[in-house]
Every structure is written in structure tokens, then in C-alpha cells.
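Under the numbering used here, the first residue of the sequence shown is numbered 86, with each subsequent residue one higher.
Note that CB positions come from ideal geometry on N, CA and C, so glycine has one too.
This structure is a prediction, so every number in the text was calculated from the model and none was measured.
A quick write-up on the structure given underneath.
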Amino acid sequence: MKNSFGICTVSIIFYAYFFSITPQLLAQSHTKNDQTDSVRIKTLNVLLPKTSSDTTKQERRQVRFSPVRELQTDIDGLVLTPELSNANIGISIVSIESGENFYRKNETKNFIPASTLKTLTTAAALDYLGRDFRYSTKFYFDGEPPKDGEFIGNLIIRASGDPTMSTYFYTDPIDVLEIIALKLDSLGIRSIRGNIIADDSYFDDNYYASGWALDDVMYPFSAQVDALSFGDNKVDVRVVPAQVVGELSRITMQPDNSYIRIINNTLTVPSDVPEILTPSREPRTNSIEIRGKIPIDAKGMNSNSGTRLSVTIDNPALYFLNLFKQTLEKHGIKVRGALLDYEDWNMNISYTQLQLIAEHTSPPLSEIIAVVNKYSHNLCAEMLIKTIGKETTGIGSFAKGIEQVKKYASRIGILQDNISVVDGSGLSRLNLLSPQNQVALLSSIYRSDKRNDFIESLAIPGAQGTLRVV
86 MKNSFGICTV SIIFYAYFFS ITPQLLAQSH TKNDQTDSVR IKTLNVLLPK
136 TSSDTTKQER RQVRFSPVRE LQTDIDGLVL TPELSNANIG ISIVSIESGE
186 NFYRKNETKN FIPASTLKTL TTAAALDYLG RDFRYSTKFY FDGEPPKDGE
236 FIGNLIIRAS GDPTMSTYFY TDPIDVLEII ALKLDSLGIR SIRGNIIADD
286 SYFDDNYYAS GWALDDVMYP FSAQVDALSF GDNKVDVRVV PAQVVGELSR
336 ITMQPDNSYI RIINNTLTVP SDVPEILTPS REPRTNSIEI RGKIPIDAKG
386 MNSNSGTRLS VTIDNPALYF LNLFKQTLEK HGIKVRGALL DYEDWNMNIS
436 YTQLQLIAEH TSPPLSEIIA VVNKYSHNLC AEMLIKTIGK ETTGIGSFAK
486 GIEQVKKYAS RIGILQDNIS VVDGSGLSRL NLLSPQNQVA LLSSIYRSDK
536 RNDFIESLAI PGAQGTLRVV
């Protein structure tokens, strides 16, 4: 029997978290011979007992349910399992073509959306900014042209909220700084007799959104949101066992830098002792302590010796400046002044009076939202929220970005009074959406000219992104 639902949008919530299936994901269930835009639903065969009149043969009769009935029966069987007896579950399955509801359960009830809130953030970003939007980080001199290899004046870095200087977009993001250093080298500059200033005023100074836990600030999913960011605002720390049991292990950082102070309290232990490594970073500091024990035969990522841990840094703008200074000095360019955040610089900056010497441009928004949605990238999502606020209202804050996202939600049929949005990534437990809201969002995108970019940004179950292993 061949039957189909047509294109469906599905929103299912288990344990107060969203799991959403978009038209692209549903399309994975098409058979190779199915050339339509519809989704095949397998037929459920039910075996009936043999009749009393048949004593010589065990005849079986098969009853085929309609695809809709089969779907409803299958889902009912799942939600009634003992393992889900204490779960809060919300489900909405709707045909995009006809608007028919194929399954509903608590579809208007609000749940904590977690990372599926990123679908709302990225959809709003596409709407407000456009697929071709790019970030630009500009490097200026405020003095006279260099003489005898020395520039007398300040080098000012004007940030615009670029989240892409990371390994999600570059094999080694230090290469971005290398290119800028080579540009200065090509100008014959051997010394900068002045300060390097980070103008990160494109965003406000609020690093964290409402409802984020203080205990999470050291973890990469809770990295500080700053207009001048680098390497996802974290460092990767590798703990390598010593050659002798009982000795301190060896710790390295990537990227290697002097901005972060490592406190090593890890011991090398016999191979039969379990590994326990605990990183910690006190708020508002860049001292990272690693405590614990590592087996002498420990293997880390890529089969290299050791174990990798990732820890966030404090004050991303100053972190960027330190890495940039380090890169300049690697190329023989001496920095003789201080490294200053915009707030520490008491003079107004008039960019029309400055000399632009270099510029770094990010990949387009269509590629950025693919990282957000495929890999559930929290920092990118939060930087998009603030960018939306800055580009539409002139204020790069969580509040203004969220205000615009909620206006977008209202335009596509989601009532603002029925939702709670406090960040862009879904990290906060103060966010609330219903399955019906999620279906409205996905249905609207599917009908819009943003459909292809949005669908291409999603993870594919069993293939890529956070759904690669399902």
C-alpha cells in the first residue's frame, strides 16, 4: 500500500526538552524510488489469532491501519512506556501542505526548549541580517605614517561581534592574526610606539544572559559574549602523563599564550587507576587549576598521549590583544605600549580621522548559522542575538536582540505573551516555548525564501553535526 502524509513539521518534547524534525529530516525517510515530495509511512501488520473453524492450518490475517492511525498508535506506544511515566511530554505533528494535525499532545503547553531555541535565533538572524551578512574586524592607526620602521601612535582594533575566528571556521584561527601581522610587516613596521586598543563597544558589557549558572562560567557552552572574540573564548588544555608514576603530569595550552596561568596539581598514576581530571577557574580570573590523576598510559584525542580539557577565559578582548601582540612579536614587530580595553581608553575615537591598515571579513551568515544549528554552538548563537540588536536598534545587548527576535516570532504567528526568550542558545532555563510555537516557526521558514539556507544549516541524523551519532 502506498500512502503518504505530505510534508510534515514535527515538534516533540520529552523531559521538557524539544526534539524537532524538519521537512529535511523527514525527507531522509523517502525511498529511492519515491520521486514525490511526500513521506512514506510503513504499514503496520497486526497478526490475528487463528479461527476456531480452522484446525489444520494456522492462517493469519493481516489488518493494515491508515498511515495516520499507524503513526498515532506508534507514538501512543512510546509515550505510555514505563520509562516515561514521570516525563512531561509535548508533541505536535502538522502537515505543512494542508495544516492537518496528525498528532497532538500538550501542544500548547510551554516547555524549556534547550538548544532548539537556536532554530528561532538563526531564523530571526536570516530574516533581519540576510544570508550574505558578514562581520568585519578593522585595524586602524591613529598616528602619522611609519618612519624608519617605527609607528608612533596607537593601533586600534574595531570589533563587530565576529564569532568565526575559531576552529569551526579555520584549521588554526591564529592564521587570521598571522595575516594581519604580515600586512604590518609588509608596511615595513618593526615597532609600535603606542598602545593596542580593543574597541569592543559594538556589544554591551554584559557577558552572560539571564538564568545562566555561575557554576558554569568555566565551561565552553557558557563562554563570555564579547564583540571581540577569539577561539570560542576558551583555551584547550592537554594533560600528558609523566614518564614515571608519582611525578607531576605535563600541561600544555592551545593556543600557547601568557594570558592564561596554569596551576598544575595532577599526578601520574599506574595504568590501572581511573583517570580523574578536574579543571577550575575562579570567576573574573584567568588562573586555571587542573587537579587530579592521569594514568601513565593515557591516550587523548587523535591517539596522542594525554587528555584534552577546554576551559573558558575571562575578558575575551584582552585575550585577543595578548594573542595579537604575541603574533606581532613573532614577526619581529615590537609593541612598546599597553594593551587596553575600550573602557580603559579615556579618549573618544573618531574613525573617520584614522588610517585603516587591515581588515578581516568573516564567512557569510549562511555558513555561520550552519555551525550554530549543526553543532549547537552556544557562543555563536548569543553573538547573533546581540548582533540582531545592534544592527536593528543600534544597541548590541541581549535585551534589544531578544526584543527583535520576539517581534519576528510575532510576525510569523507566535504570540509574544505565550513565550519566554532570554538568550539565543537555549542555555537558560528561563526560556519557554510550546510544540505549537516550534511548528509555527518551522512551517513559516519552510514557506519563506529562507527555506534552503535554513534547511542546509540543520544537523542530519546519523550523518553530521550533533545528530551524527543517534
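Coarse secondary structure for residue i, derived from DSSP in three states
i: residue 523; result: helix
i: residue 146; result: With a pLDDT of 44 at residue 146, under the threshold of 50, the modelled position of that residue is not reliable, and the figure given next carries that caveat. Coil, per DSSP.
i: residue 160; result: helix
i: residue 469; result: helix
i: residue 353; result: strand
i: residue 179; result: strand
i: residue 483; result: helix
i: residue 186; result: strand
i: residue 194; result: coil
i: residue 219; result: coil
i: residue 539; result: helix
i: residue 446; result: strand
i: residue 547; result: coil
i: residue 463; result: helix
i: residue 451; result: helix
i: residue 313; result: strand
i: residue 133; result: Reliability of the predicted coordinates at residue 133 is poor, the pLDDT of 29 falling under 50, and no value is obtained from them.
i: residue 202; result: helix
i: residue 125; result: Caution applies to residue 125, whose pLDDT of 28 falls short of 50 and renders its modelled position unreliable; the value that the coordinates give is listed next. Strand, per DSSP.
i: residue 333; result: strand
i: residue 529; result: helix
i: residue 167; result: helix
i: residue 326; result: coil
i: residue 498; result: coil
i: residue 458; result: helix
i: residue 212; result: helix
i: residue 152; result: helix
i: residue 474; result: helix
i: residue 231; result: coil
i: residue 512; result: coil
Pair within 7 Å by beta-carbon distance, residue i and residue j
i: residue 379; j: residue 324; result: yes
i: residue 213; j: residue 456; result: no
i: residue 289; j: residue 482; result: yes
i: residue 417; j: residue 280; result: no
i: residue 425; j: residue 282; result: yes
i: residue 319; j: residue 397; result: yes
i: residue 234; j: residue 278; result: no
i: residue 452; j: residue 510; result: no
i: residue 295; j: residue 505; result: no
i: residue 236; j: residue 443; result: no
i: residue 79; j: residue 206; result: A question about residue 79 goes unanswered here, because the residues of the chain that appear run from 86 up to 555.
i: residue 395; j: residue 301; result: no
i: residue 306; j: residue 431; result: no
i: residue 216; j: residue 526; result: no
i: residue 81; j: residue 244; result: Outside the displayed range of the chain (86 to 555) lies residue 81, so it cannot be described from this structure.
i: residue 153; j: residue 187; result: yes
In DSSP terms, what residue i is bridged to
i: residue 361; result: 378
i: residue 321; result: 339 and 395
i: residue 225; result: 241 and 441
i: residue 236; result: 277
i: residue 347; result: 373
i: residue 505; result: 517
i: residue 366; result: 373
Check: residue i C-beta below 6 Å from any heavy atom of the ligand GDP
i: residue 355; result: This structure does not include the ligand GDP; it has no bound ligands of any sort.
Residue closest to residue i, alpha-carbon to alpha-carbon, out of the options
i: residue 210; options: 514, 516 and 458; result: 458
i: residue 436; options: 226, 364 and 518; result: 226
i: residue 473; options: 151, 219 and 156; result: 219
i: residue 174; options: 530, 520 and 533; result: 520
i: residue 375; options: 190, 440 and 365; result: 365
i: residue 343; options: 368, 407, 357 and 322; result: 407
i: residue 465; options: 217, 404, 315 and 197; result: 315
i: residue 311; options: 237, 499 and 475; result: 475
i: residue 382; options: 354, 156, 498 and 395; result: 354
i: residue 362; options: 369, 495 and 326; result: 326
i: residue 404; options: 371, 336 and 298; result: 371
i: residue 358; options: 330, 348 and 341; result: 330
i: residue 508; options: 151, 402 and 491; result: 491
i: residue 239; options: 259, 231 and 309; result: 231
i: residue 377; options: 399, 546 and 333; result: 333
i: residue 411; options: 304, 447 and 259; result: 259
i: residue 497; options: 485, 523 and 352; result: 523
### Query
Can you list the alpha helix (DSSP H) stretches of 4 or more residues lying completely in the stretch 374 to 439, in chain order?
Listed in chain order, the complete alpha helix (DSSP H) runs (minimum 4 residues) inside the stretch 374 to 439 are 401 to 415.
#### Entry: Runs of beta strand (DSSP E) wholly within the stretch 242 to 309 (minimum 3 residues, chain order)
List check, beta strand (DSSP E) in window: 276 to 278 and 281 to 284.
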